[in-house]
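> Residue numbers for the sequence shown follow the numbering used here, so the first one is -3 and each next one is one higher.
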Amino acid sequence: MENQSWKRFVASENLGPLRAANKVVASWEFCRERQAAPFKKMPARMLTKGQFQARQRLHAKLVQLVRQKVSHLTEQSLWKESVFVLTDDEGNVLWCDGKQTELEVSGSVKLEKAVSASQSAIKQAGQRKWSCYATAIVDGRDDLLGVLDVSIQRASFLPQCRAISQLIAQCVTNQLVREELDKTRFLLQYAAETLTDKVICDEQYRIVHIPSGYRSESWLKIGADMPQVLSGRNISSDMQTLYRDKQPVGIGYRLFNQESAKEKLFYAGISSRNQRYNEFLTQVINVADSDVPVHVFGETGCGKERIVEMLHFNHPRCQKGKLVRVNCGSVSESLLESELFGYAPGAFTGAKAKGHHGKIRQADGGTLFLDEIDSMSLRMQTALLRVIEDKQVSPVGAVSDISVSFRLVTASNQDLKELVAGGTFREDLFYRIYILPLLVPPLRERPEDFQELVDEFCRQKDWLISWQEQICHVSREYEWLGNIREFRNFLERLRLSYPHQCPSVNQMRQLIEMGQLSVASSEAGHDDDEKRRIMTALQENTYHVSQTARALNLSRSTLYRKMKKYAIKR
-3 MENQSWKRFV ASENLGPLRA ANKVVASWEF CRERQAAPFK KMPARMLTKG QFQARQRLHA
57 KLVQLVRQKV SHLTEQSLWK ESVFVLTDDE GNVLWCDGKQ TELEVSGSVK LEKAVSASQS
117 AIKQAGQRKW SCYATAIVDG RDDLLGVLDV SIQRASFLPQ CRAISQLIAQ CVTNQLVREE
177 LDKTRFLLQY AAETLTDKVI CDEQYRIVHI PSGYRSESWL KIGADMPQVL SGRNISSDMQ
237 TLYRDKQPVG IGYRLFNQES AKEKLFYAGI SSRNQRYNEF LTQVINVADS DVPVHVFGET
297 GCGKERIVEM LHFNHPRCQK GKLVRVNCGS VSESLLESEL FGYAPGAFTG AKAKGHHGKI
357 RQADGGTLFL DEIDSMSLRM QTALLRVIED KQVSPVGAVS DISVSFRLVT ASNQDLKELV
417 AGGTFREDLF YRIYILPLLV PPLRERPEDF QELVDEFCRQ KDWLISWQEQ ICHVSREYEW
477 LGNIREFRNF LERLRLSYPH QCPSVNQMRQ LIEMGQLSVA SSEAGHDDDE KRRIMTALQE
537 NTYHVSQTAR ALNLSRSTLY RKMKKYAIKR
């Protein structure tokens, strides 16, 4: 009966009560709409080379998993005669393997679930001596990712094709589910270890962690869609993509009440006592109200992100758009394109069928922060330059450009001028983003701020101690090349090692040097650091040797020996 229905369908007759499987008939209708006529040797629609490469790149994970499973299978002599065809959820062929010369592949297929059908119901007229079976590949949410077809030029071999096709599809789905669960575990571990104040979401923007400060809010629920939660609420947010091994695994949202942001100047850092740093903050406030691109330059750990937050939340844009962050050095180049520019609906394995807007479109009306832009490849620099000049973004796989408006803020750990001179950074992009450079002062130039940093840490950790001054005294002896980040790491080690009792000066120094890279790693650096400590202690004790020795926890003879070694005179 199915064969009769097929003949009548090909002849464009009215089938009346259909006897073939409804989903198979739906596939016939879909193919006819796409002009995939049964007697054609080639499909009616072909992807261009660029479109094909873009879809392969965006579905790389799906192709990789299917290829692995098929390669194991084709080691058996029976399946060496088979043809395996993988399509995306729109029916575009992504990959095929086997005796392709004996099989012309249709341009489109329309099967949303696994369907058992005879070869006569599926194949074009030129392919009607084959046994074949196609299975839908879905993710953990049962969303369609693609379709795997297994075909072999043997009659009545459908049961074997069905078993292999379903087995591979299920293995791929299981692998994707395992990876998704692993990412969720990583996000929960990240939230627990960092005590973050951000709402953590997975790659689908579903909430997986709510910080303690928001758990009483009824509108925040685990599993809820974060963009929908924020929609219509008087709350602004900045987004930060979270990475593991340079692969995106989730998104962190820091929330801000818009009304409170209107009433006062926004600054998330500490109150500085350093005159130079306060002058720098005044400069930031003056720049914040402008739409001109800003480049923030400074050493690692010096607080560049806090400056970017000032630029965004003290600008009228914060009432309309988000602060969207992208760390260009934390994501592989192969993913950075889709991360920034987005992709067309159904284009990414494991993502929603609606596609992905990309960070540039997410920042529309707000601020786009590109951190570590110095690590961006020349190819990506060219693509970014085009967006800045045209104010349009072209998502991967899309047929048209989309207009965008955002304030661009960039940051780097390296001097962009030197990179331009070395040929690793485009000169034309440099002049586009380096209009208002802001150089963040390092921590070692703000010795007055150690006290406030220690006090803030103690408040955050609920750490009740009475020896903050001793911490500050020892801390001023060091360079802190890792700046505030390195200093907070030291405070964390100090809190865990000495939660109650006050450690000696040498014990504090050991904890500091434990986390240093350059000073503690070389003997010369250690000698310079030790000489500086002795000089500081002598000056503070008016060169009284006994008092200085006690302050340094050294004997008088040891102190004299070290003074002689470093040529320090009384």
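Every residue, glycine too, gets a C-beta built ideally from N, C-alpha and C.
Distance, Cα to Cα, Gln497 vs Ala547?
Distance between the alpha carbons of Gln497 and Ala547 is about 18 angstroms.
> For Asp85 and Gly142, which I take to be in contact (beta-carbon distance under 8 angstroms), what is that distance rounded to the nearest angstrom?
Indeed, because the Cβ distance is near 6 angstroms, the residues count as touching under 8 angstroms.
> Identify the residues that DSSP records as bridge partners of Gly407: which are they?
In the sequence under discussion, the amino acid at residue 407 is Ala, which differs from the Gly named in the question. Answer is Val292, bridged to Ala407.
> If you check the beta carbons only, do Tyr249 and Asp234 fall under 9 angstroms apart?
The answer is yes: Cβ separation under 9 angstroms.
> Can you check which of these residues, Ser373, Leu319, Ile369, Gly351, is closest to Gln358 by C-alpha distance?
Of Ser373, Leu319, Ile369, Gly351, the residue nearest in Cα terms is Leu319.
> From the DSSP output, in three-state form, read off Asn323 for me.
Correct three-state label for Asn323: strand.
> What separation, rounded to the nearest whole angstrom, lies between the Cα atoms of Ile564 and Tyr539?
Whole-angstrom Cα-Cα distance: 11 angstroms.
> Looking only at C-alpha atoms, which of Glu509, Glu189, Arg240 sits nearest to Glu482?
Measuring from the Cα of Glu482, the nearest candidate turns out to be Glu509.
> Measuring only the C-alpha atoms, how far is Arg442 from Tyr273?
One C-alpha to the other measures close to 7 angstroms.
> Between the stretch 410 to 429 and the stretch 449 to 466, can you find at least three pairs of beta-carbon atoms closer than 8 angstroms?
Not touching, per the Cβ criterion.
> Tell me whether Leu332 sits in a helix, a strand or coil according to DSSP, three-state version.
In this structure, Leu332 counts as helix in the three-state DSSP scheme.
> As an exercise, report each continuous alpha helix (DSSP H) stretch of at least 4 residues that is fully enclosed by the stretch 201 to 279, in chain order.
Qualifying alpha helix (DSSP H) stretches, in chain order: 222 to 226, 254 to 259.
> For the beta strand (DSSP E) containing Pro433, list its first residue and its last residue.
Run containing Pro433: 432 to 435, per the beta strand (DSSP E) assignment.
> With DSSP as the reference, label Ile461 as helix, strand or coil.
If DSSP states are grouped into helix, strand and coil, Ile461 belongs with coil.
> Helix, strand or coil: which one does DSSP assign to Thr420?
Reduced to three states, the DSSP call for Thr420 is coil.
> Could you tell me the alpha carbon to alpha carbon distance between Asp178 and Ser326, rounded to whole angstroms?
Distance between the alpha carbons of Asp178 and Ser326 is about 19 angstroms.
> Within 10 angstroms of its Cβ, does Lys355 collect 16 or more other Cβ (buried), or is it exposed?
By the 10 Å Cβ count, Lys355 comes out buried.
> Cβ-heavy atom distance between Arg442 and the ligand COA below 8 angstroms?
Annotation note on the ligand COA: not contained in the displayed structure, which lists no ligands.
> Skipping 5 residues on each side, what residues in its chain have a beta carbon closer than 7 angstroms to that of Lys119?
With a pLDDT of 46 at Lys119, under the threshold of 50, the predicted position of this residue should be treated as unreliable, though the coordinate-derived value follows. Closer than 7 angstroms at Cβ, skipping near neighbours: Trp126, Cys128.
> DSSP puts Ser399 in a beta bridge; with which residues?
Its beta-bridge partners are Gln388.
> Reducing DSSP to helix, strand and coil, say where His68 ends up.
Correct three-state label for His68: helix.
> When you compare each of Asp445, Leu507, Gln535 to Gly265 by their alpha carbons, which one comes out closest?
Ranking the options by Cα distance to Gly265, first place goes to Asp445.
> Please name the residue or residues paired with Ser78 in a DSSP beta bridge.
Partner(s): none; Ser78 has no beta bridge.
> Can you name, in chain order, every residue of its own chain whose Cβ lies under 8 angstroms from the Cβ of Leu364, other than the five neighbours on each side?
Taken in chain order, the residues that qualify are Val320, Val322, Lys355, Ile356, Phe402, Arg403, Leu404, Val405.
> Among the candidates Ile231, Ala340, Met372, Arg489, whose CA atom is the shortest distance from the CA of Arg51?
Minimum Cα distance to Arg51 is reached at Ala340.
> Can you tell me which of the three DSSP states Asp145 falls into?
In the structure shown, Asp145 sits in a strand (DSSP, three-state: E or B).
> Between which two residues does the beta strand (DSSP E) holding Ala563 run?
Taken as a continuous stretch (DSSP letters only), Ala563 belongs to no beta strand (DSSP E), as it is neither H nor E.
> Closest by CA to Glu295, which one among Arg63, Val541, Glu368, Arg557?
The shortest C-alpha separation from Glu295 is found at Glu368.
> Who are the Cβ neighbours of Pro438 in its own chain at under 6 angstroms, not counting the five residues just before and after it?
Within the same chain, Pro438 has close Cβ partners Glu295, Cys298, Asn479.
> My assumption, with CB atoms under 8 angstroms, is that Leu163 sits in contact with Gly246. Please give the rounded CB distance.
The Cβ separation is near 31 angstroms, so there is no contact.
> Within this structure, are the beta carbons of Val383 and Phe337 separated by less than 9 angstroms?
Cβ distance < 9 angstroms, so Val383 and Phe337 count as in contact.
> In the structure shown, what three-state DSSP assignment does Ser471 receive?
Reduced to three states, the DSSP call for Ser471 is helix.
> Residues in the same chain with beta-carbon distance under 6 angstroms from Lys258, minus the five sequence neighbours each way, listed in chain order, please.
The predicted model places Lys258 with a pLDDT of 45, which falls under 50 and marks its position as unreliable; any figure quoted below should be read in that light. Counting only Cβ-Cβ distances below 6 angstroms, and skipping sequence neighbours, we find nothing.
> Closest to Leu238 by C-alpha separation, out of His311, Tyr186, Glu176, would be which residue?
Answer by Cα proximity: Tyr186.
> Taking just the CA atoms, how far does Leu61 sit from Phe80?
Taking the straight line from one Cα to the other gives about 13 angstroms.
> Distance, Cα to Cα, Val59 vs Phe293?
For Val59 and Phe293, the distance between alpha carbons rounds to 40 angstroms.
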